[in-house]
Structures are given as structure tokens and as C-alpha cells.
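Engineer: All letters in the sequence shown, in the order written, are residues 0 to 497 by the working numbering. Here a beta-carbon is modelled for each residue, glycine too, at the ideal position from N, C-alpha and C. Quick caveat: nothing in here was measured; it's all calculated off a predicted structure.
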Amino acid sequence: MTHPTRRSVLQGSGALLASAWLPRGSFAQSDLKFESPLAIPPLHRGTVTDGVREIDLTVRAAQTEFFSGLKTDTLGINGSYLGPAVRVRKGEKVRMKVQNTLDTVTTLHWHGLNVPAAADGGPHQVIEPGATWTPEFTVQDAAATMWFHAHPLHQTANQVWAGLAGLLVIDDDASDALDLPGTWGVDDIPVILQDRRFNRDGSMPYATSMHDEMAGMIGNIPLVNGTVLPKVEVGHEAIRLRLLNGSNASIYNLEFSDGRTFQQIASDGGFLNAPAETTTLRLAPGERAELVVAFAPGETVRLVSVPGGTAGGGGMGMGMGRGMMMEQSPSFHLVEFRAGQSLAPSKPLPQRLNDLAAPDPSTAAATRPFELAMPGMGPMRMLGLGGGFTINGKSMDMGRIDFEAKRDTSEVWVVSNVSPMAHPFHVHNTQFRVLDRDGRPPAPGEAGRKDTVVVGPQETVRILVHFDHYADKALPYMFHCHILEHEDAGMMGQFTVV
Ligand code: C2O
Ligand code: CU
Ligand code: CU
Numbered sequence: 000m001t002h003p004t005r006r007s008v009l010q011g012s013g014a015l016l017a018s019a020w021l022p023r024g025s026f027a028q029s030d031l032k033f034e035s036p037l038a039i040p041p042l043h044r045g046t047v048t049d050g051v052r053e054i055d056l057t058v059r060a061a062q063t064e065f066f067s068g069l070k071t072d073t074l075g076i077n078g079s080y081l082g083p084a085v086r087v088r089k090g091e092k093v094r095m096k097v098q099n100t101l102d103t104v105t106t107l108h109w110h111g112l113n114v115p116a117a118a119d120g121g122p123h124q125v126i127e128p129g130a131t132w133t134p135e136f137t138v139q140d141a142a143a144t145m146w147f148h149a150h151p152l153h154q155t156a157n158q159v160w161a162g163l164a165g166l167l168v169i170d171d172d173a174s175d176a177l178d179l180p181g182t183w184g185v186d187d188i189p190v191i192l193q194d195r196r197f198n199r200d201g202s203m204p205y206a207t208s209m210h211d212e213m214a215g216m217i218g219n220i221p222l223v224n225g226t227v228l229p230k231v232e233v234g235h236e237a238i239r240l241r242l243l244n245g246s247n248a249s250i251y252n253l254e255f256s257d258g259r260t261f262q263q264i265a266s267d268g269g270f271l272n273a274p275a276e277t278t279t280l281r282l283a284p285g286e287r288a289e290l291v292v293a294f295a296p297g298e299t300v301r302l303v304s305v306p307g308g309t310a311g312g313g314g315m316g317m318g319m320g321r322g323m324m325m326e327q328s329p330s331f332h333l334v335e336f337r338a339g340q341s342l343a344p345s346k347p348l349p350q351r352l353n354d355l356a357a358p359d360p361s362t363a364a365a366t367r368p369f370e371l372a373m374p375g376m377g378p379m380r381m382l383g384l385g386g387g388f389t390i391n392g393k394s395m396d397m398g399r400i401d402f403e404a405k406r407d408t409s410e411v412w413v414v415s416n417v418s419p420m421a422h423p424f425h426v427h428n429t430q431f432r433v434l435d436r437d438g439r440p441p442a443p444g445e446a447g448r449k450d451t452v453v454v455g456p457q458e459t460v461r462i463l464v465h466f467d468h469y470a471d472k473a474l475p476y477m478f479h480c481h482i483l484e485h486e487d488a489g490m491m492g493q494f495t496v497v
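1) Is Gln-493 helix, strand or coil by DSSP?
2) Helix, strand or coil for Met-145, going by three-state DSSP, please let me know.
3) Can you give the Cα-Cα distance for Thr-46 and Arg-94, rounded to whole angstroms?
4) Cα separation between Ser-304 and Ser-330?
5) So, Leu-434 versus Arg-461, is the Cβ gap smaller than 7 Å?
6) Name the residue from Ala-176, Leu-192, Pro-284, Glu-91 whose alpha carbon lies nearest to the alpha carbon of Ala-38.
7) Note down, one range per segment and in chain order, each beta strand (DSSP E) of at least 3 residues found wholly within the segment 359 to 416.
8) Under a criterion of Cβ closer than 6 Å to any non-hydrogen atom of ligand 2, which residues qualify, in chain order?
9) With a threshold of 6 Å on Cβ separation, who are the neighbours of Arg-44 within its own chain once the five nearest residues in sequence on each side are excluded?
10) First and last residue of the alpha helix (DSSP H) that includes Asp-487?
11) Kindly indicate the opening and closing residues of the beta strand (DSSP E) around Asp-211.
12) Report, in whole angstroms, the separation of the C-beta atoms of Phe-478 and His-427, which I expect to be a contact under 8 Å.
13) Going by DSSP, name the residue or residues bridged to Lys-449.
14) Only counting the same chain, and skipping five residues up and downstream in sequence, which positions put a Cβ closer than 7 Å to that of Lys-92?
15) Opposite Asn-99 in the DSSP bridges: which residues?
16) How about Val-454 and Asn-416: are their beta carbons less than 7 Å apart?
17) Any chance you could list the residues with Cβ under 5 Å from a heavy atom of ligand 3, keeping chain order?
18) Can the beta-carbon of Ala-501 be found less than 7 Å from the beta-carbon of Val-496?
19) Using three-state DSSP, classify Glu-283 as helix, strand or coil.
20) Where does Gly-297 land, buried or exposed, given buried means 16+ other C-beta within 10 angstroms?
21) Val-233 and Ala-338: beta carbons closer than 7 Å?
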């Protein structure tokens, strides 16, 4: 194994930082050197006392050295940027002990999990500066790669931007029995995709222009697990990647630089019924996917994001629908994989991964429309004549509960997008199923459990939601666009489960 010299690392990230001020189309990231070992968020299992797993999470202000010799102000959970990978097991009791050492309020939301409303960590579960929040719940969800992030009202985008997010991995008997690549950071690799906008001095302030408020904050530098220009030394014939799009606004269209096929084995809420073979994967903010990728000895390949996308989502510098007058992002490279000369054998991928029944909308107790809109965008907004982000004509109001859903029933939610941008629609407290997109059945990668689904401009997506286990007349859950600038600007609503 060769170690990068300090000089080559500097050439790599230095070149990237300098290139960020060139016109977008002119930076060719294939010239850059991917020399920094990918940071692997440490597993955090906490400690079990009296049958409860307690997980300490301390939210703090810190500095992070993304670029050699430059210090960047960041927020982190236990660490300086992002958090540990919290690892829990289905069926166990968990107590999260979240300590806020910031001088501002925050919250931590368990994205994707079925939890009591009081434990959800949304805008109603504010943690004051200096306070500690200790929600308890039983892990109800099947094995999956979930995540957690800050979620205070109007402050989600800037806090996540600064670093308040982490992975939450759930195991269960079924995942144990599958015997997939599972050595953390070796052949089971977390991949948190983000982009951040850095200044030459290394700072990454959250400073939005009017354009950013509309399109969402798009970065000039890709980060993977907080690493700039990362590389992974591959020592096995097959590796599993647990992808999370933890960006504020960028929708990535992922491929490998050689166009190789790979297997998608899981979506947001766990395993697909069977591996879905593909060469391309669209991942919007909030979405996760698990992949298994095969390697030959000695080869080098990069995970890249390419322009375009079926629902109008692009990556960095884009995130806009087709037909919007926005610049098109060039391709950009995210992480390099280098396979060793001899690779340890990997087990063949099981052909059966899960046993999800086809979703059956005929059982639904209610059908609800959700119309995503950006009223008064464009010329009106430029002239200062309003503008906003709405669902069914309303912007988020903590004091308004939009509807009640009944526990243990299914509902069909009809999500239509009448705006010119793609919106990743997310629902708390559930893993739903995609019924159709404009009447067409979902692609195999979207046919499993989901908690976030991209709805393209002028598209209608029907989902079948189900709320298990918990009811609370008073405290709501959220549904919202996971472009964090849109969420903070009001494209969010609230429902209770009764
Ligand atoms: Cu990932 Cu309401 O959040
Ligand atoms: Cu959520
Ligand atoms: Cu949106």
C-alpha cells in the first residue's frame, strides 16, 4: 500500500480549492488527485444498562481541517464535523442522550424511524443551549441505513450545512442471516455525499443569495464523509456502499467513471426484495441507497455524478428542473476506489434479500392530495412581490396541524409538483411505498421501503403510507421537501397520528 505524500495531498485539494473560482464548466476533476483516505464515521453503539441502550450525542461547535493548513468553523456531533454512525438493533430499547453545547437551539431528528412524536426530534423538540434531551423508544424498523440531523424551525439548512448530521444503522436477524459484506470501513463503507461552498480561506459560511433561497444551497466542493478528494483502498472482491445524500439541495445522478454495473440492495428503509442491477442511481437530499460493487485486482474507478436525470434533478450547480433557466452542472467526481493487487474473496450476493408484499392501495383508509408549489417565484420575487414555498397553498406554521391520520391504517398520498423544480418529498415516522409516478410503476430501486421520494416538475407521485405503533393527539410529525432551503422557507406541514 502506498501512502500519499503530503505534497501530493496539497496538490490535490489545493488545486480543487483554486479551481472552484474558475467558471464551472472549465474545471476538469479527472485531473485532480484523490489522495486523502476517506474518513469513516466511527460506530457508536453506546452502552446497555438495565436493558436500555444509551447513546451519548454531544452537539458542539468546532473547527475542521478540510484543506491542509486551513481551519473551517463547523458543527459536529461528538466529533468536529458530522456525527458518529449510531448502530442499534431492531427490537431494542434505546435512549438518546443529546446534549446541546451550542449557544443556540437545536434538535436531532431520527430520519426514517418509526418513533413516538415526542421522540421524533423535529421542530417541536427544541433543545435549549446547555440542555440535554433524552428521548426513549423501541427500535421498530427493519435493518436499514437511516440518519439523523438537526431540524429546528427555520434553522435546519444552516445547521446541517455546518455539520449536524450522522448515520443511524439498524441491524436485525434478517440482515444478519444475509451475510452481506459487513466489516465497517473495510468492505461495508459509509458514504455521506455532500457539497459545500468554500471560500479561499477555507471558510464555508451559510450565506444565501436570493438564487440560493430558490434553488437551494449548492456547493463548489464535494465532500464525502467530510473528506475532500477521498480515496478508498479496496481489499475485497465486492464492497457494500451505504450512500446517504446529506446535501442541502443537490440531487446526484451517480455512476461509476467506467460505466460499470452495480447492484442496488437497499433503499431508504432497508433491503429491496432482490438486488437491482443498474449503471446509474439518482439520489436526492435525504435519500439513502445501499450498493454492492464488484472489483477486479488492481483497478481504479471513481464514483461520479453526471448532469441530467429523469425528474429534472441535477447535481452541484444544478438541482433544478429541466426547462428552468439554470446552468447545467458539469460531471464531478466524488470518491476514488483503488483495488489492491490481490483481493479477498467475497460471498456471492444472495438473490433474495427481502419479502415485501406488493403495496395494496385498495386497503387505504384515506386519500390525500399534496400540491408542492413555489408561488410568486421568478419575476414576482425578483421585484420583491412575495414568493414562497407551499404545500396545498400553505406555508409551515407550528400552530397548525394539517390533518390527523389513524394509527395502523394505510393512506394514499398523491403528491403533485406544480413548480419548475424537483422536490424530494419526505414523511416522518414511516417507511412508505411508491405506487406510481404519473401512473407508471416505480423503478426496481424505488420499489422497496422509502421515506423520501423525488417528485419532478409537473410530476405526480402516489405513495402508500402507514403509521404504526404510536399515537399522540397533541404532538405532530412533519412532511416536507428535503431541499433544506425549501423546508426552512415553508414547504413543510404537520400531521398527527391518532
Ligand atoms: Cu430528514 Cu424532517 O427530515
Ligand atoms: Cu425525517
Ligand atoms: Cu423543494
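Structural biologist: Working from what's here:
1) The answer is strand: DSSP assigns Gln-493 an E or B state.
2) Strand, per DSSP.
3) Between Thr-46 and Arg-94, the C-alpha separation is close to 10 Å.
4) Each residue's alpha carbon lies about 6 Å from the other.
5) Inclusion of Leu-434 and Arg-461 in the CB contact set at 7 Å is warranted, their separation being smaller than that value.
6) For Ala-38, the nearest C-alpha among the options comes from Leu-192.
7) Counting only unbroken stretches of 3 or more residues, the beta strand (DSSP E) elements lying wholly within the segment 359 to 416 are 365 to 372, 402 to 404, 409 to 416, in sequence order.
8) So the residues near ligand 2 by this Cβ test are His-108, His-110, His-425, His-427.
9) Cβ within range, chain order: Arg-86.
10) Looking at the DSSP string, the run of the alpha helix (DSSP H) that includes Asp-487 is 483 to 487.
11) Going by DSSP, Asp-211 is part of no beta strand (DSSP E) but of the alpha helix (DSSP H) stretching over 209 to 214.
12) Rounded to whole angstroms, the Cβ separation of Phe-478 and His-427 is 7 Å, and the two are in contact under 8 Å.
13) Answer is Phe-431, bridged to Lys-449.
14) Sequence-distant partners of Lys-92 (beyond 5 residues in either direction) whose C-beta falls short of 7 Å from its own C-beta, in its chain, are Gly-50, Val-51, Arg-52, Glu-135, Thr-137.
15) Val-58.
16) The answer is yes: Cβ separation under 7 Å.
17) Any heavy atom of ligand 3 counts here; residues with a Cβ closer than 5 Å to one of them, in chain order, are His-422, Cys-480, Ile-482, His-485.
18) A query on residue 501 cannot be resolved here, the shown segment of the chain reaching from 0 to 497 and no further.
19) The amino acid at residue 283 is misidentified as Glu; the sequence shows Ala. DSSP places Ala-283 in coil when its eight states are reduced to three.
20) Gly-297 should be labelled exposed.
21) Yes, the Cβ-Cβ distance between Val-233 and Ala-338 is below 7 Å.
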